[in-house]
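Asks: Chains as they are written, first to last, in numbering that gives the first Met the number 0: chain R, 0 to 204; chain B, 0 to 217. The beta carbon of each residue, even a glycine, is placed where N, CA and C say it ideally should be.
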Amino acid sequence: MSLLFSCKNLSKYFYETKLFENISFDIEENSIFQIKGQNGTGKTTLLKIIAGLDTDFEGDILYKNSKLFNDKTRYLKEVLFLPATPSFYEDLTVEENFNFLNNFYNFNMNKIKNNLFKYELIKDKRIKNLSDGQRKKIQLLFAITLDHNVFIFDEPFNFLDTESQNELSDYFTNLKSNNKTILFSDNSKVSYQFIISDMVNLDDV
Amino acid sequence: MFKILKIIFFKDVLIEIREKGNFYYILILSAVFSLVFTTYLDYKYILFSFYITLLITSMLVNQRISRQELGKNDELIVFSLPFDLSVFCIAKIIFNFVIFIFQALLLFFLYNLFSNSYYIEFNYNFILFTIIYILGLSIFFTCFSLMLERIKGEGQFMFITILPLVVPFLFLSFNTLNQLYYYEFSEFIKLFNLQLLIAFDILLFAVCPILFSYALRR
Chain R
0 MSLLFSCKNL SKYFYETKLF ENISFDIEEN SIFQIKGQNG TGKTTLLKII
50 AGLDTDFEGD ILYKNSKLFN DKTRYLKEVL FLPATPSFYE DLTVEENFNF
100 LNNFYNFNMN KIKNNLFKYE LIKDKRIKNL SDGQRKKIQL LFAITLDHNV
150 FIFDEPFNFL DTESQNELSD YFTNLKSNNK TILFSDNSKV SYQFIISDMV
200 NLDDV
Chain B
0 MFKILKIIFF KDVLIEIREK GNFYYILILS AVFSLVFTTY LDYKYILFSF
50 YITLLITSML VNQRISRQEL GKNDELIVFS LPFDLSVFCI AKIIFNFVIF
100 IFQALLLFFL YNLFSNSYYI EFNYNFILFT IIYILGLSIF FTCFSLMLER
150 IKGEGQFMFI TILPLVVPFL FLSFNTLNQL YYYEFSEFIK LFNLQLLIAF
200 DILLFAVCPI LFSYALRR
């Protein structure tokens, strides 16, 4: 396996308050990498920094041995970040949201096989009428249709029922077998059905 | 670029047709403000109050439109999409421009309906000035409300933060407004204030989307 991300001495401050300081770690290609830590330790912030969505930090991140922010648009085509709280247009239906996003990514709707996450039942519903769990499933379905190199999930198991958590675990295993890299943060007590390649614990830094 | 502009614009149109929230908001605000101003102000100030009403209502409507772009986590929904955010900003400016044109027409009708002794004349000078005025408003309201909605979750203070841009715009539009009905159209378009206002609009249109994209992504 080759090195995908190399994070050196990452520090993040909110004004005077330290969130984390001098964290260094590497992420291998085709691995499942977990970021652990209690609430408020900076898991989401760290994921956003790696996803290129937060540029206000100290330290260096190398992606495939080059600086992270050389070509932002190209980087965002390779690295997908899925926030803990799914964000869609509330007044559009699930299908309309997908059609809108389809203009920016190369979707493959055939990947949603066997009515995964009961897609057929909710595709004509407006986002504002969906529960948190259903929104989360829509977000994950969105990820499934994509073919990015790196998938960054923030608290992906939140709001999901046991059945869907198992489906998500299978999906992670499937992604890894397709040579994708997964980064995720999680605080739930879910027993994963996949093997975590490496992790960083923000409680220890 | 034009494809993305079209997609974002028609997405906004679809939401507006479906929800009609902004449409009702415009109706209510326009009716209330025009009634209040035409009742309390002398007829000499009706034309000025028309543009002040347009400014206030468009600012409030613009904030609503900007808020629709935020997800549940107070981030722009399109923030992580792989495209240049200045294109998104331009699409929103165009959409707001269309909404404000509708708003201006509605206000024109309401002002002429409520004012007893003074009618706002609908001539080429009025049309040209209103379009330029609305274009300027839609540019800086869109850019800065989108930026500040994201930062604060609320954009009420945007007017203060963009004061350096607003003040020259207001001065120029006020000076042009004073001369609105004094000249023929052929003379009106040669006015220094109007030409400066057009130049200021072009400058805003060129700078604000780039500034918006840079401020958010960097």
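With distances taken between CB atoms, is the gap from Leu139 (chain R) to Leu79 (chain R) smaller than 8 Å?
Replies: The answer is no: Cβ separation not under 8 Å.
Asks: Taking Ala50 (chain R) as the query, report the chain B residues whose CB atoms sit under 8 Å from its CB, ordered along the chain.
Replies: By Cβ distance, chain B contributes Ser79.
Asks: I'd like to know if Gly152 (chain B) contacts chain R, where contact means its C-beta is closer than 8 Å to some C-beta of that chain.
Replies: Since pLDDT at Gly152 (chain B) reaches only 47, below the 50 mark, its modelled position is unreliable, and the value read off the structure follows with that caveat. No, Gly152 (chain B) does not count as interfacial toward chain R.
Asks: Check Leu100 (chain R) in the structure and name its three-state DSSP category.
Replies: Helix.
Asks: To the nearest angstrom, how far is it from the Cα of Phe82 (chain B) to the Cα of Leu52 (chain R)?
Replies: Whole-angstrom Cα-Cα distance: 13 Å.
Asks: Which residue's Cα is closest to the Cα of Leu61 (chain R): R:Phe141, R:Leu3, R:Lys11?
Replies: Closest by alpha carbon: R:Leu3.
Asks: With Met198 (chain R) as the anchor, note down where its beta strand (DSSP E) starts and where it stops.
Replies: Segment 197-200, the beta strand (DSSP E) holding Met198 (chain R).
Asks: In this structure, does DSSP put Gly152 (chain B) in helix, strand or coil?
Replies: Confidence in Gly152 (chain B) is poor, its pLDDT being 47 and thus under 50, which makes the residue's placement unreliable; the coordinate value appears in the next sentence. Reduced to three states, the DSSP call for Gly152 (chain B) is coil.
Asks: Residues of the region 82-98 of chain B in Cβ contact with chain R at a cutoff of 8 Å, in chain order, please.
Replies: Residues passing the 8 Å Cβ filter: Phe82, Asp83.
Asks: For the alpha helix (DSSP H) containing Gly20 (chain B), list its first residue and its last residue.
Replies: Segment 20-39, the alpha helix (DSSP H) holding Gly20 (chain B).
Asks: Could you compute how far the alpha carbon of Gly154 (chain B) sits from the alpha carbon of Leu54 (chain B)?
Replies: Annotation note: pLDDT 49 at Gly154 (chain B) (below 50); position unreliable, no value reported.
Asks: Please return the same chain residues whose Cβ sits closer than 8 Å to the Cβ of Asn21 (chain B), not counting the five positions on each side in sequence.
Replies: Answer for Asn21 (chain B): Glu15, Val60, Arg63, Ile64, Ile98, listed in chain order.
Asks: Since I believe Tyr191 (chain R) is in contact with Ser168 (chain R) (beta carbons under 8 Å), could you give me their beta-carbon distance rounded to a whole number of angstroms?
Replies: Contact holds; Cβ gap of about 6 Å.
Asks: Using a Cβ cut-off of 8 Å (strictly closer), state whether Asp203 (chain R) contacts chain B.
Replies: Answer no: the Cβ-Cβ gap between Asp203 (chain R) and chain B never drops below 8 Å.
Asks: How big is the Cα-Cα spacing for Ile100 (chain B) and Leu120 (chain R)?
Replies: One C-alpha to the other measures close to 40 Å.
Asks: Check each candidate in R:Asp25, R:Ile137, R:Ala50, R:Thr40 and name the one with the smallest Cα separation from Thr92 (chain R).
Replies: Out of R:Asp25, R:Ile137, R:Ala50, R:Thr40, R:Ile137 has the C-alpha closest to the C-alpha of Thr92 (chain R).
Asks: Output the distance between the C-alpha atoms of Asp200 (chain B) and Tyr39 (chain B), rounded to the nearest integer angstrom.
Replies: Cα to Cα, Asp200 (chain B) sits roughly 32 Å from Tyr39 (chain B).
Asks: Taking the straight line between their C-alpha atoms, what separation do you get for Lys188 (chain R) and Leu104 (chain B)?
Replies: Taking the straight line from one Cα to the other gives about 58 Å.
Asks: Check each candidate in B:Tyr213, B:Ile131, B:Ala198 and name the one with the smallest Cα separation from Leu179 (chain B).
Replies: Leu179 (chain B) has its Cα closest to that of B:Ile131, out of B:Tyr213, B:Ile131, B:Ala198.
Asks: Looking at chain R, which residues of the region 11-41 of chain B have a Cβ within less than 8 Å of any of its Cβ atoms?
Replies: Listed by position, the residues of the region 11-41 of chain B near chain R (Cβ gap below 8 Å) are Leu13, Ile14, Arg17, Glu18.
Asks: Thinking C-beta only, is Gln37 (chain R) closer than 8 Å to Asp202 (chain R)?
Replies: Yes.
Asks: Which class does Tyr44 (chain B) belong to by DSSP, given the choice of helix, strand or coil?
Replies: Helix at Tyr44 (chain B).
Asks: So with CB distances below 9 Å, who are the chain B contacts of Asn178 (chain R)?
Replies: By Cβ distance, chain B contributes nothing, its closest Cβ being about 21 Å from Asn178 (chain R), past 9 Å.
Asks: Could you tell me which residues DSSP pairs with Arg125 (chain R) in its beta bridges?
Replies: R:Thr92, per the DSSP bridge assignment.
Asks: Going by CA-CA distance only, name the one from B:Thr175, B:Leu136, B:Asn177 that's closest to Leu162 (chain B).
Replies: Of the candidates B:Thr175, B:Leu136, B:Asn177, the one whose C-alpha sits nearest the C-alpha of Leu162 (chain B) is B:Leu136.
Asks: Please list the residues of the region 47-79 of chain B that have a C-beta atom closer than 7 Å to any C-beta atom in chain R, keeping them in chain order.
Replies: Going along the region 47-79 of chain B in chain order, one finds Gly70, Lys71, Asn72, Glu74, Ile76, Phe78, Ser79 with a Cβ nearer than 7 Å to chain R.
Asks: Select from B:Asn95, B:Ile93, B:Leu190, B:Phe204 the residue whose C-alpha is nearest the C-alpha of Leu164 (chain B).
Replies: Ranking the options by Cα distance to Leu164 (chain B), first place goes to B:Phe204.
Asks: Contact between the region 5-18 of chain R and the region 172-185 of chain R is defined here as three or more beta-carbon pairs at a separation below 8 Å; is this criterion met?
Replies: The answer is no - the region 172-185 of chain R does not touch the region 5-18 of chain R, with fewer than three Cβ pairs under 8 Å.
Asks: Thinking just about the alpha-carbon of each residue, which of B:Leu176, B:Leu215, B:Lys2, B:Phe32 is nearest to the one in Asn192 (chain B)?
Replies: It is B:Leu176 whose Cα lies nearest to the Cα of Asn192 (chain B).
Asks: With distances taken Cα to Cα, identify the nearest neighbour of Arg125 (chain R) among R:Asn186, R:Tyr170, R:Asp90.
Replies: Measuring from the Cα of Arg125 (chain R), the nearest candidate turns out to be R:Asp90.
Asks: Got a sec, what are the start and stop residues for the beta strand (DSSP E) Ile92 (chain B) sits in?
Replies: Counting along the chain, Ile92 (chain B) falls outside any beta strand (DSSP E), though it belongs to the alpha helix (DSSP H) covering 84-113.
Asks: I'd like to know if the region 207-215 of chain B and the region 79-95 of chain B are in contact, where contact means that at least 3 CB-CB pairs between them fall below 8 Å.
Replies: Yes: at least three Cβ pairs fall under 8 Å.
Asks: What is the DSSP secondary structure of Phe158 (chain R), reduced to helix, strand or coil?
Replies: Reduced to three states, the DSSP call for Phe158 (chain R) is coil.
Asks: How far does the alpha helix (DSSP H) with Tyr74 (chain R) in it extend, from its first residue to its last?
Replies: Note, Tyr74 (chain R): alpha helix (DSSP H), 71-77.
Asks: Sorted by chain position, which residues of the same chain lie with C-beta nearer than 7 Å to Gly152 (chain B)'s C-beta, five sequence neighbours on each side aside?
Replies: Confidence at Gly152 (chain B) is low in this model, with a pLDDT of 47, below 50, so its placement is unreliable and the value that follows should be read with caution. Once the five neighbours on either side are set aside, the close Cβ partners of Gly152 (chain B) are Asp73.
Asks: Got a sec: is the Cβ-Cβ distance from Ile3 (chain B) to anything in chain R below 8 Å?
Replies: Yes, its Cβ sits closer than 8 Å to a Cβ of chain R.
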